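> I am attaching a structure below and will ask some questions about it afterwards.
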Amino acid sequence: MSAAPERQAWRPEALLGRLVVLRRHRPDNIRAFVRWYADPEVARLTRYQPTALSIDEIERFFYSRILGTDFLAMAIHVRESDRLIGTCAFSQLDGDNGSALFHITIGEADAWGKGYGTEATELMLAHAFTQLPLHRVALTVFEFNARAIRAYEKCGFVVEGRSREAILRDGHYWDEIHMSILADEWEARQKER
Ligand SMILES: CC(C)(COP(=O)(O)OP(=O)(O)OC[C@H]1O[C@@H](n2cnc3c(N)ncnc32)[C@H](O)[C@@H]1OP(=O)(O)O)[C@@H](O)C(=O)NCCC(=O)NCCS
């Protein structure tokens with residue numbers, strides 16, 4: 217958003233949940249990134265392009281974005297074992313308008329569907345709306361990614377629009393769905409709990 221020192225204050229060492237703990241990425245997490253982003257199924261769920269990222273692209277993405285200062289990226293670890301299973305991030309941090317884009321990839325496929333993604337998203341939203349001066353968190357998701365949409369809905373994201381038939385996948389055109397959650401919506405959900 218603005219000055220680099222302030223940016224550092226926004227980066228927590230760790231965000232602790234019941235199932236997962238989010239930690240700052242370490243340089244050696246690159247090995248996991250290479251494995252995750254070379255997986256065709258991860259590419260199918262996350263990329264406009266039909267093929268996975270090349271090793272060069274993964275390395276560039278990791279060193280410039282994940283370890284860089286443009287993203288607020290956190291590694292997702294299973295709390296019990298500390299196993300590294302994925303990554304999540306805010307990008308396009310916009311201090312003028314208090315908004316950011318959210319991204320999440322659990323790269324270890326055997327860790328899907330166990331509640332880890334939902335909790336990691338909730339931890340990031342709590343950070344966004346209590347520690348960062350954010351007013352709005354948005355994301356995009358492909359229409360066919362039902363597991364992701366369900367996880368986002370569980371965290372309070374609502375559909376705000378669709379880019380119609382924006383992605384050709386598995387022989388069909390699908391919408392790209394735009395979802396968001398606002399600070400007051402998030403706060404209202406906390407009071408309901
Ligand atoms: C999307 C992702 C972050 C979700 O995290 P997760 O830990 O797998 O998901 P959770 O277990 O927290 O929640 C998934 C929910 O979807 C439901 N679900 C799973 N498959 C589903 C399907 N095919 N249709 C509808 N709902 C489905 C689960 O039952 C669960 O809901 P419930 O708790 O009400 O039962 C994770 O699967 C992932 O990273 N996938 C690969 C990359 C990706 O798709 N990233 C998102 C790009 S926008």
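Here the numbering used here is used: the first residue of the sequence shown is 217, the next is one more, and so on.
For glycine and all other residues, C-beta sits at the position ideal for the given N, C-alpha and C.
Fair warning: this is a prediction, and the values are worked out from it, not measured in the lab.
How about Ile320 and Thr356: are their beta carbons less than 8 angstroms apart?
Looking up residue 320 in the sequence shown gives position 104. Looking up residue 356 in the sequence shown gives position 140. No, these two residues do not count as a Cβ contact at 8 angstroms.
> Would you kindly report the start and end of the unbroken alpha helix (DSSP H) that includes Leu261?
As a working mapping, residue 261 is identified with position 45 in the sequence shown. Start and end: 256-262.
> Kindly examine ligand 2 and report whether one of its heavy atoms sits closer than 7 angstroms to the Cβ of Arg405.
In the structure on display, ligand 2 does not appear, and the ligands it does have are ligand 1.
> In whole angstroms, what separates the C-alpha of Ala289 from that of His388?
Residue mapping note: residue 289 aligns to position 73 of the sequence shown, counting from 1. Residue mapping note: residue 388 aligns to position 172 of the sequence shown, counting from 1. About 32 angstroms.
> For ligand 1, any of its heavy atoms closer than 7 angstroms to the Cβ of Gly331?
Numbered from 1 along the sequence shown, position 115 holds the residue referred to as residue 331. For ligand 1, at least one heavy atom lies less than 7 angstroms from the Cβ of Gly331.
> Determine the extent of the beta strand (DSSP E) in which Phe318 is found, giving its start and end residues.
Position 102 of the sequence shown, counting from 1, holds the residue named residue 318. Per DSSP, Phe318 is one residue of the beta strand (DSSP E) stretching across 315-322.
> Could you tell me if Thr285 is buried or exposed, where buried requires 16 or more neighbouring beta carbons within 10 angstroms of its beta carbon?
The residue labelled residue 285 in the question sits at position 69 within the sequence shown. Exposed.
> CB Met340 to CB Phe318, shorter than 8 angstroms?
Indexing the sequence shown from 1 puts residue 340 at position 124. Indexing the sequence shown from 1 puts residue 318 at position 102. Contact flag set, yes.
> Going residue by residue through the region 228-257, where are the continuous alpha helix (DSSP H) segments of at least 4 residues, counting only ones entirely within it?
Positions of the alpha helix (DSSP H) runs, each at least 4 residues long and wholly inside the region 228-257, are given as 246-253 in order along the chain.
> Skipping 5 residues on each side, what residues in its chain have a beta carbon closer than 8 angstroms to that of Arg227?
Position 11 of the sequence shown, counting from 1, holds the residue named residue 227. Excluding sequence neighbours, Arg227 sits near Arg240, Leu288.
> Ignore the nearest five residues each way along the sequence and tell me which others in Ala220's own chain have a CB closer than 7 angstroms to its CB.
To locate residue 220, count along the sequence shown from 1; it is residue 4. The predicted position of Ala220 is uncertain, since its pLDDT is 49 and thus under 50; a value taken from the coordinates is nonetheless stated next. Only Thr285 meet the Cβ criterion.
> Can you tell me which of Leu232, Ala316, Phe278, Arg234 puts its alpha carbon nearest to the alpha carbon of Arg251?
The residue labelled residue 251 in the question sits at position 35 within the sequence shown. Closest option to Arg251, Cα to Cα, is Phe278.
> Return helix, strand or coil for Leu300, following the three-state DSSP convention.
The sequence position of residue 300 within the sequence shown is 84, counting from 1. It is a strand residue.
> Say whether chain B places a C-beta atom closer than 8 angstroms to the C-beta of Leu235.
As a matter of chain content, chain B is missing from the structure shown, which is built from one protein chain.
> How do the region 359-368 and the region 292-310 stand: do at least 3 beta-carbon pairs fall below 8 angstroms, yes or no?
no
> Candidates Ile365, Ala316, Glu381, Leu384: which alpha carbon is nearest Val375's?
Stepping through the sequence shown from its first residue, residue 375 is reached at position 159. Cα-wise, what sits closest to Val375 is Ile365.
> Does the beta carbon of Ile322 fall short of 7 angstroms from some heavy atom of ligand 1?
Translated into positions along the sequence shown, residue 322 becomes position 106. Indeed, a heavy atom of ligand 1 lies less than 7 angstroms from the Cβ.
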